[in-house]
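*Asks:* The structure is given below, and queries will be raised subsequently.
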Amino acid sequence: MGSHTITSRTPGVFYHRPSPDADPYVTEGASVAEGDTVGLVEVMKTFHEVKADAAGTVSKFLVENEDEVTIGQDLVELET
Numbered sequence: 001m002g003s004h005t006i007t008s009r010t011p012g013v014f015y016h017r018p019s020p021d022a023d024p025y026v027t028e029g030a031s032v033a034e035g036d037t038v039g040l041v042e043v044m045k046t047f048h049e050v051k052a053d054a055a056g057t058v059s060k061f062l063v064e065n066e067d068e069v070t071i072g073q074d075l076v077e078l079e080t
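Note that the UniProt record's numbering numbers the sequence shown so that position 28 is 28, with each residue one more than the last.
Right, dumping it as structure tokens:
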């Protein structure tokens, strides 16, 4: 098995869930397909979905919910 890292395409604040009272998009250990939403990045009140660009199993989140992120920052590690 290999690994793959999903990175941020925009700067902003990373969210694990679509709203404060909702379940997270994915959790560690969950399987994702290419194109699945794994989080959101909010910049200036605009939300951008973070999508898996490979299929695999979420091994860990590399940022916490509501962490500020930069372009190209590693967000989620997948086992492929």
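Using N, Cα and C, we set each Cβ at its ideal position, and we do this for glycine too.
Assign A33 to buried or exposed, taking buried as 16 or more other Cβ atoms, counted over all protein chains shown, within 10 Å of its Cβ.
*Replies:* Position 33 of the sequence shown holds residue 33. The residue is exposed, with fewer than 16 neighbouring Cβ atoms inside 10 Å.
*Asks:* If you run the structure through DSSP and keep just helix, strand and coil, what is T57?
*Replies:* The count along the sequence shown starts at 1 and reaches residue 57 at position 57. Residue state, collapsed to three classes: strand.
*Asks:* Across which residues does DSSP place E77 in a beta bridge pair?
*Replies:* Against the sequence shown, residue 77 aligns to sequence position 77. Answer is T5, K60, bridged to E77.
*Asks:* With a threshold of 16 other CB atoms inside 10 Å of the CB of A22, please say whether the residue is buried or exposed.
*Replies:* Here residue 22 is taken as the residue at index 22 of the sequence shown, counted from 1. Exposed.
*Asks:* Can you tell me where the beta strand (DSSP E) holding K51 begins and where it ends?
*Replies:* Counting from 1 along the sequence shown, the entry for residue 51 is found at position 51. Counting along the chain, the beta strand (DSSP E) containing K51 begins and ends at 46-51.
*Asks:* Please go through the same chain and pick out, in chain order, the residues whose beta-carbon is closer than 6 Å to the beta-carbon of G72, but skip the five residues on each side of it.
*Replies:* For the purposes of this step, residue 72 is taken as residue 72 along the sequence shown, with counting starting at 1. Cβ neighbours of G72 beyond the five flanking positions: T7.
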